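Just remember that the numbering used here sits 75 ahead of the position in the sequence shown, which is counted from 1.
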Amino acid sequence: MITLRELASADIPAVRRIYSGASVRFTHARPFTIERARDRINRALAAADETPRSRWDFGVVLDQDLIGLISLRHCEPGLGTLSYILREDTWGHGYATQAAQLAVAFAFTAVGLERLEAKHHPGNTASGRVLAKAGFTPAGTVDLPGKDGAAVSYLVYKLRRLPAVGSEGSAA
76 MITLRELASA DIPAVRRIYS GASVRFTHAR PFTIERARDR INRALAAADE TPRSRWDFGV
136 VLDQDLIGLI SLRHCEPGLG TLSYILREDT WGHGYATQAA QLAVAFAFTA VGLERLEAKH
196 HPGNTASGRV LAKAGFTPAG TVDLPGKDGA AVSYLVYKLR RLPAVGSEGS AA
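See the structure below:
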């Protein structure tokens, strides 16, 4: 079972390893150097100090091993976005799905968001399965520049918080 935790300066080597190899194939990132990993951690630490806070960067931890990152951004009133990346050697075990489910629960309870969005590269079908298992539904596409500058149609998913049982509009 995985857990989520805030990132720390000591995570720089693990973040470099996460952003390497096949893990960056469908991202806008190139493999991280130590400097880029340090910058990523520093941005996460700075976001954690903001008031009000609009971004949460969590480490995805398995048996005390940082295997990925998952980020929640509060974009506009009631709306957030979710993104994640896992180390290639941990794929296929349900860890991304577990992390997404934990982050969704955090977004809807601790942050109080009403809606979430996420997207994935069309070549990364496994990420689409993760989002579906976490409760997201397909909502269209958005064209973004690919690594070569050409437009790529990313698949967009949405998830709306369910009303609390007994609240107006729900079955009692």
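The C-beta atom is built at its ideal place from N, Cα and C for all residues, glycine as well.
Remember, it's a predicted structure, so these values are computed and weren't measured experimentally.
DSSP three-state assignment for residue i, whether helix, strand or coil
i    : result
S245 : For S245, the predicted structure reports a pLDDT of 45, less than 50, and the residue's modelled location is therefore unreliable. A value from the coordinates is still provided. DSSP places S245 in coil when its eight states are reduced to three.
Y170 : helix
R190 : strand
F211 : coil
F133 : strand
L230 : strand
T184 : helix
T41  : Nothing in the structure corresponds to residue 41, since the chain is present only between 76 and 247.
D218 : strand
D140 : strand
Range of the contiguous alpha helix (DSSP H) that encloses residue i
i    : result
S84  : Looking at the DSSP string, S84 is not in any alpha helix (DSSP H), and its letter there is neither H nor E.
E110 : 109-124
R204 : 200-208
Short Cβ contact (7 Å threshold) for residue i with residue j
i    : j    : result
A171 : V205 : yes
S146 : S129 : no
L177 : D132 : no
E192 : K222 : no
I116 : D140 : no
H248 : L219 : In the structure as shown, the chain begins at 76 and stops at 247. Residue 248 is therefore absent and cannot be evaluated.
I142 : T165 : yes
A209 : A175 : yes
A119 : E163 : no
Limits of the beta strand (DSSP E) - the one that residue i falls within
i    : result
L237 : That residue, L237, is in no beta strand (DSSP E); it is neither H nor E in DSSP.
Y94  : First-last for Y94: undefined, no H or E at that position.
T156 : 154-161
Beta-bridge pairing of residue i - partner residues as DSSP gives them
i    : result
T78  : V136
N148 : It should be pointed out that residue 148 corresponds to Arg in this sequence rather than to Asn. BP columns for R148 point to R130, T156.
Contact with chain B by residue i, beta-carbon distance below 7 Å
i    : result
D223 : Judged by its chain identifiers, the structure shown contains no chain B, having just a single protein chain.
Do the region 107-116 and the region 170-189 meet, that is, are 3 or more Cβ pairs less than 8 Å apart?
no
Validate contact between the region 184-192 and the region 88-98 using beta carbons, cut 8 Å, 3 pairs
The way I'd put it, the region 184-192 doesn't touch the region 88-98; fewer than three beta-carbon pairs between them come closer than 8 Å.
Using 8 Å as the threshold, is the region 192-203 in touch with the region 94-102, meaning 3 or more CB pairs across them?
yes
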